Amino acid sequence: MVTSHRPSTKKEHKRFKSKHATKGELKRRYQNKVSKASTKKNHHVLAKNERKNAAKQLRALKDSELDTIKRMYSKISKIVAVVPLCSDIDSAEIVRSLCNSVDTDPIITNAMPIVHINRFKQSLQFITPSRSLLSILDSCQIADFVILALSGNVEVDSYAEQCLRCLTSQGISNVIPVIQNINNDKQKSKSTVSSLTSYVTHFFPSEKRLYLTSSPNDCSTVTRLLCQQIPKGVAWRDSRPYMMLENVNVDENLVTVSGTVRGAPLDSDRLVHIPSCGDFQVHSVRVIEERHGEMDTDAPVFIPSENADDLEELAPERDVPMTVDFDEPRKTVRMDDRIFNEMDEEDEKAPRMVPKGTSEYQARWLLDDAFNSDDELEELREESSSEDESDDEMDIDENEDASKTNKDNMSNGKSVHFSNSVTEYDDTETAMHIDLDEAEERRNYEAYRRRERENMEFPDEVELEPEEIARERFKRYRGLRSLATARWDADERTEKTPDEWFRLFRVKNYRATRNRIIKETLEKSDNKVDVGKKVDVTLKMSEFFATKLLQMMENGRPAIMFGLHRYEHQQAVLNFSLLPYSDYEEPVKAKETMIVQCGPRRLVIRPLFSEAGKRNSNMIYRYERFLPKDRASIATVIGPAMFGNNTPALFFKQTNNGINLLGTGSLEDLDYHRIVVKRAILTGTPYKMHKRGVTVRYMFFNSEDVAYFKDLPLFTKWGRSGFIRESLGTHGYFKASFDGKLNAQDTVAMSLYKREYPRASITWTG
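Under the UniProt record's numbering, the residue at position 2 of the sequence shown is numbered 2, and the numbers go up by one with no gaps.
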C-alpha cells in the first residue's frame with residue numbers, strides 16, 4: 001500500500017459548512033434588538049434621459065463660465081511674469097523674441113510693458129522682475145502666466161532653487177519654461193535640454209516640454225499659449241479682489257490709484273491692503289468706461305456706506321473693567337485645580353477676578369456665584385509685573401539669576417505697542433546697538449549652538465544653583481498630573497496677561513466663518529464693481545505711505561492692491577503650521593524675529609513654537625524652545641485675522657546676506673483657546689535607597705523649597721512614579737516613595753508648567 005509523508009500527527013477536521021445559524025441562535029442574537037426607522041432619504045434613481053440632461057446642463061454651465069472668462073480677458077490684458085533663474089538671463093530680450101515671432105514690435109520703456117498681439121487679438125502685460133526673491137514673489141503673486149527663464153550656459157544655483165520652492169509654496173498659475181543662451185552644438189544642446197527638462201519636471205510635473213527662445217517656432221508657440229490659454233489662477237488669490245496699480249495720483253491725504261479689478265468683485269465697504277504699505281479705507285470707487293473713444297462722464301461712483309469697515313484693530317473696552325487680586329502670597333505650589341496648603345489649617349485662596357472697587361466682604365459673595373462657576377478651574381499665579389518679560393524668552397536651562405533687569409524687547413531692540421489704528425515699534429534702543437568683535441561674536445554663537453544641542457539631549461531640564469530659591473524662580477509655574485487631561489482656563493487673567501488679550505477678535509467656528517465670509521465676497525451685487533472693470537479707487541492715505549507707493553512705482557516694483565475680507569483688519573491669534581526648509585541649517589529659537597508672508601500680507605513676527613499633530617481635547621500644547629528640524633511645528637502669533645482656503649505661509653529670516661527661506665506652511669486657524677505651556681523639569685539624584693523609599697538630593701537646596709513643591713508628583717526617566725514624603729535637614733534633601741524599586745543610575749524629576757502668551761506682529765515695510 002502506498003502511503004504519503006505526513007509532517008505531523010495533527011489532523012484537521014472538516015469545517016461546518018452551513019451558511020446560516022440555527023433558529024435558536026438567530027433568536028438569541030436578535031431578541032434584544034430594537035428596530036429603528038432609517039433616517040436616510042430615499043434617493044431618486046435617475047433615468048437615462050435624466051442623467052443625460054443633467055450632464056448636458058453641467059456641460060453648458062462650464063461652457064458659460066469659460067465664455068465669461070474669455071470675454072473678460074478679451075477686454076483686459078493678461079499679466080505675464082518673466083522669472084530669471086540664472087544670472088545671465090536677459091528678460092527684456094525674451095519679451096522681444098516672443099513679440100517678434102508674431103510680427104509685433106514691442107516698445108519696452110519700463111519694467112512692465114503692455115503689448116497688443118494683433119494676430120490673437122489679445123493684450124499682454126509683461127513683468128520683468130530682478131533676480132531678487134521678494135521681487136519674484138510679488139510678480140508671480142499677481143501673474144496669470146509665469147515664464148521660467150533658464151540658461152543653457154549657466155547652471156541653476158541654490159538661490160534659484162530657493163525661489164522655486166517659494167513659488168510652489170506660495171501658489172503659482174500657468175507655468176511655461178523657456179531656455180535662453182542655448183549652445184549651437186546640437187549634441188550638447190540636446191543633453192542640456194534633457195537635463196533642464198528633468199529639473200523643471202521635479203518642481204512642475206505637468207510641464208514636459210521646454211521652449212527655446214532662439215527658435216522662432218517655439219517663441220510663436222509660447223505667444224499663442226499666452227494669448228489663447230485660460231489661466232488656472234491661484235485659489236487664495238482669486239477668492240478676493242485684487243488689481244495691479246497702473247497710475248497713482250496724490251492729493252493731500254487722498255491717493256487715487258487706477259487698475260483693473262480681478263479675482264472677485266470690489267466692495268467699497270471693505271478695506272484694502274497694499275503690500276509694504278498697510279491697510280487703508282476706501283473713499284470712493286469710480287468705474288472708468290469709454291464710449292466712442294471718449295471717457296464716459298456718467299460712469300457710476302461707489303461710496304462706502306455707514307456699515308463700512310474701519311481701521312480699529314481691537315474690540316472696544318469692556319463696560320466693567322476687571323482687576324486681579326494677587327496680594328496674598330502662596331505658601332505652596334499650584335497643582336491642577338487646587339492650591340495646596342498644609343502649613344496652615346485654613347486653605348489659601350487663589351487669585352480671582354473682581355470688579356474695581358469691590359471690598360473683601362463683597363468679593364466673598366461675588367466670586368463663588370459670578371466668577372467661579374467651575375470649581376475645577378483656578379486662576380494661574382504668575383510672576384509680579386516688575387520682573388523681566390525677557391526672562392520668559394530665555395531658555396530655562398540657562399542658570400541665571402531670576403532677579404535680572406526687566407525689559408520686554410524684541411531681539412532687534414524694538415518693543416511692540418498696540419494702538420487703535422496702527423501697531424508701532426519704538427526705536428529707542430536701536431541707536432545703542434554696538435557690534436561685537438569677531439571673537440566675542442564667535443563665543444556667543446558657540447554658546448547659542450551649545451544650548452540647542454543641550455535642549456535636544458536634555459529637553460526642558462533645569463539645574464538650580466545652590467544659592468537660587470526655587471519657589472521664587474518658578475512661582476509662575478504650576479504642576480499638572482497629566483498634560484493630556486489637565487484643565488486650563490483660556491480666559492484667565494493673570495499678571496502677565498496682555499491688556500489687549502481680551503479685546504482680540506475671536507472665532508468660534510473658523511471653517512464655517514471662513515466659508516461664509518468668502519461666499520459673501522464672491523457674491524455679485526449692485527454695490528460692487530464687477531471683475532474686469534477698470535476703476536479709479538480713491539484711498540485715505542497719509543503722505544508717508546503715498547510717497548512710499550510712488551517710490552515703488554518708480555523703482556519698477558509691481559504695486560498690488562488686495563481687497564480684504566470682512567474682519568481681516570482686526571487683531572486675532574494666528575496659528576501657522578511650519579515645516580523647516582531642509583537647506584536652512586541655523587537653529588531657530590522661539591520668539592526670534594522673522595518675516596512671514598501669508599496671503600497678501602507680510603508681517604514681522606516673534607512666534608511661539610508648540611507641538612503639531614492631533615487636536616487635543618483640552619487645547620494644551622507643550623512649548624518648544626527651538627524649531628524642530630525633522631518635523632512640523634505650530635507657530636502662534638498675534639496679527640490681523642485672515643480668511644482663505646489653505647492660505648500658504650512662507651517664513652523668512654533676514655540676515656546680512658539678504659532674506660533666506662526658513663520654512664513653509666499654511667494658516668491653520670484663529671483658535672483663541674490654544675494654550676501653549678512651557679515645561680521646566682527639575683532633576684535630582686538618588687542618595688540612599690531602601691526598597692521603594694529613596695532619599696533624593698540636589699533637586700532643591702533648602703527645606704522651604706521642598707515644602708513648597710511637596711504636593712507635586714515625581715517621576716523617573718526609567719518610568720517610575722512617586723511623591724515627596726518629608727524634608728530632611730535644611731539643605732534640600734527629602735524622602736520620596738515610588739511605585740517600585742529604583743535603579744542607582746536612574747534620575748528623579750519633577751515637571752512644572754507655565755503659560756506663554758503669543759507676541760504681537762507688525763506689517764513688514766521692506
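A virtual CB, placed ideally from N, CA and C, is assigned to each residue, including glycine.
In this text the structure is predicted, and so the values were computed from the model without any measurement.
Practice item. Please go through the same chain and pick out, in chain order, the residues whose beta-carbon is closer than 6 angstroms to the beta-carbon of Ile274, but skip the five residues on each side of it. Key: Locating residue 274 in the sequence shown gives position 274, counting from the first residue. Here the set comprises Met561.
Check your understanding: Out of Asn217, Leu148, Pro216, which has the shortest C-alpha to C-alpha gap to Glu207?
Key -> Position 207 of the sequence shown, counted from the start, is the residue given in the question as residue 207. Comparing Cα-Cα distances from Glu207 to each of Asn217, Leu148, Pro216, the minimum goes to Leu148.
Practice item. Can you give me the start and stop residues for the beta strand (DSSP E) that Pro216 sits inside? Key: Locating residue 216 in the sequence shown gives position 216, counting from the first residue. No beta strand (DSSP E) contains Pro216, which is instead part of the alpha helix (DSSP H) from 216-228.
Exercise for review: Please state whether DSSP places His731 in a helix, a strand or coil.
Suggested key: Here residue 731 refers to the residue found at position 731 when the sequence shown is read from its first residue. His731: coil per DSSP, three-state reduction.
Check your understanding: In this structure, does DSSP put Glu726 in helix, strand or coil?
Key -> One-based indexing of the sequence shown puts residue 726 at position 726. Glu726: strand per DSSP, three-state reduction.
Check your understanding: Looking at C-alpha atoms only, which residue of Thr664, Gly729, Ser64, Ala235 is the closest neighbour of Phe700?
Key -> Counting from one through the sequence shown, the residue named residue 700 turns up at place 700. The shortest C-alpha separation from Phe700 is found at Gly729.
Check your understanding: How big is the Cα-Cα spacing for Gly658 and Leu225?
Key -> Counting from 1 along the sequence shown, the entry for residue 658 is found at position 658. Counting from 1 along the sequence shown, the entry for residue 225 is found at position 225. Approximately 35 angstroms, taken between the alpha carbons.
**Study point:** Cβ contact check for the region 688-706 and the region 481-496: 3 or more pairs under 8 angstroms
**Key:** no
Point to revise | Contact set for Arg514: own chain, Cβ-Cβ below 8 angstroms, skip 5 residues either direction | key: Within the sequence shown, numbered from 1, the residue matching residue 514 stands at position 514. Closer than 8 angstroms at the Cβ level, and outside the excluded window around Arg514, lie Phe643, Gly644, Asn645.
Practice item. Would you check if the distance between the CB atom of Asp536 and the CB atom of Thr256 is smaller than 8 angstroms? Key: Locating residue 536 in the sequence shown gives position 536, counting from the first residue. Locating residue 256 in the sequence shown gives position 256, counting from the first residue. In this structure, Thr256 lies closer than 8 angstroms to Asp536 by Cβ.
Check your understanding: For Val301, which beta-bridge partners are listed by DSSP?
Key -> On the sequence shown, position 301 is the one that residue 301 refers to. DSSP, once it has assigned bridges, lists Arg286 as partnering Val301.
Practice item. State whether the region 181-201 contacts the region 264-272, with contact taken as three or more CB pairs (one from each stretch) at a distance under 8 angstroms. Key: no
Review point. According to DSSP, is Lys33 helix, strand or coil?
Key: Taking the sequence shown and counting its residues from 1, one reaches residue 33 at position 33. In the structure shown, Lys33 sits in coil (DSSP, three-state: anything other than H, G, I, E or B).
Practice item. Give every residue of the same chain whose Cβ lies closer than 8 angstroms to the Cβ of Lys75, excluding the five residues on either side of it in the sequence, and list them in chain order. Key: Indexing the sequence shown from 1 puts residue 75 at position 75. Result list for Lys75: Gly532, in chain order.
Check your understanding: The beta strand (DSSP E) with Cys598 in it runs from where to where?
Key -> Position 598 of the sequence shown, counted from the start, is the residue given in the question as residue 598. Looking at the DSSP string, the run of the beta strand (DSSP E) that includes Cys598 is 594-598.
Point to revise | Beta-carbon proximity check, Cys86 vs Leu133, cutoff 8 angstroms | key: One-based indexing of the sequence shown puts residue 86 at position 86. One-based indexing of the sequence shown puts residue 133 at position 133. No; because the gap between Cβ atoms is not below 8 angstroms, this pair is not in contact.
Check your understanding: If we count the other Cβ atoms within 10 Å of its Cβ and call it buried at 16 or more, is Gln229 buried or exposed?
Key -> Counting from 1 along the sequence shown, the entry for residue 229 is found at position 229. Classification of Gln229: exposed, given that the 10 Å Cβ count is below 16.
Review point. Three-state secondary structure (DSSP) at Thr664?
Key: Residue 664 sits at position 664 when you count from the first residue of the sequence shown. Note: Thr664 maps to strand in three-state DSSP.
Check your understanding: Exposed or buried, which one is Glu12 when buried takes at least 16 other CB atoms within 10 Å?
Key -> As a working note, residue 12 is residue 12 in the sequence shown. Result: exposed.
Practice item. Just mark Gly599 as buried or exposed, buried being the case when its beta carbon has 16 or more other beta carbons within 10 Å. Key: The count along the sequence shown starts at 1 and reaches residue 599 at position 599. By the neighbour-count rule (16 or more Cβ atoms within 10 Å), Gly599 is buried.
Check your understanding: In whole angstroms, what separates the C-alpha of Ser761 from that of Met594?
Key -> Your numbering for residue 761 matches position 761 in the sequence shown. Your numbering for residue 594 matches position 594 in the sequence shown. Near 10 angstroms, if we compare the C-alpha coordinates of Met594 and Ser761.
Practice item. Note down the Cα distance separating Glu611 from Ala299, rounded to an integer number of angstroms. Key: As a working mapping, residue 611 is identified with position 611 in the sequence shown. As a working mapping, residue 299 is identified with position 299 in the sequence shown. When rounded, the distance between both Cα atoms is 55 angstroms.
Check your understanding: Taking just the CA atoms, how far does Ala470 sit from Asp344?
Key -> Working through the sequence shown from its first residue, we reach residue 344 at position 344. Working through the sequence shown from its first residue, we reach residue 470 at position 470. Bear in mind that a pLDDT of 43 at Asp344, under 50, signals an unreliable position, so the number given afterwards is only what the model happens to contain. Cα to Cα, the separation comes out at about 21 angstroms.
Practice item. List the whole-angstrom C-beta distance separating Leu564 from Leu314, where the pair is believed to meet the contact cut-off of C-beta under 8 angstroms. Key: The count along the sequence shown starts at 1 and reaches residue 564 at position 564. The count along the sequence shown starts at 1 and reaches residue 314 at position 314. That pair is no contact at about 17 angstroms.
**Study point:** Three-state secondary structure (DSSP) of Thr430
**Key:** Within the sequence shown, numbered from 1, the residue matching residue 430 stands at position 430. Any reading at Thr430 is ruled out, since the residue's pLDDT is 36, under 50, leaving its predicted position unreliable.
Check your understanding: Roughly how many angstroms lie between the CA atoms of Gln125 and Leu98, to the nearest whole one?
Key -> By 1-based counting over the sequence shown, the position of residue 125 is 125. By 1-based counting over the sequence shown, the position of residue 98 is 98. The alpha-carbon atoms of Gln125 and Leu98 are separated by roughly 13 angstroms.
Check your understanding: Under 8 angstroms, do Leu662 and Lys653 count as touching if we go by C-beta distance?
Key -> The sequence position of residue 662 within the sequence shown is 662, counting from 1. The sequence position of residue 653 within the sequence shown is 653, counting from 1. The answer is yes: Cβ separation under 8 angstroms.
Review point. Smallest Cα separation from Lys210: which of Val178, Asn174, Val234, Lys528?
Key: Translated into positions along the sequence shown, residue 210 becomes position 210. Residue identity check: residue 210 is Leu in the sequence provided, not Lys. Among Val178, Asn174, Val234, Lys528, the Cα nearest to that of Leu210 is on Val178.
Practice item. Throw me the rounded Cβ distance for the Tyr672 and Arg697 pair, which I believe falls under 8 angstroms. Key: Within the sequence shown, numbered from 1, the residue matching residue 672 stands at position 672. Within the sequence shown, numbered from 1, the residue matching residue 697 stands at position 697. Tyr672 to Arg697, Cβ: 44 angstroms. No contact.
Check your understanding: So who's on the other strand from Pro580, going by DSSP bridges?
Key -> Position 580 of the sequence shown, counted from the start, is the residue given in the question as residue 580. Gly663, per the DSSP bridge assignment.
Practice item. Report the rounded CA-to-CA distance for Arg476 versus Glu492, giving the unit in angstroms. Key: Along the sequence shown, one-based indexing puts residue 476 at 476. Along the sequence shown, one-based indexing puts residue 492 at 492. Roughly 14 angstroms separates the two Cα atoms.
Exercise for review: Just the C-alpha distance for Lys717 and Ile605, rounded to the nearest angstrom, thanks.
Suggested key: By one-based count along the sequence shown, residue 717 stands at place 717. By one-based count along the sequence shown, residue 605 stands at place 605. About 36 angstroms.
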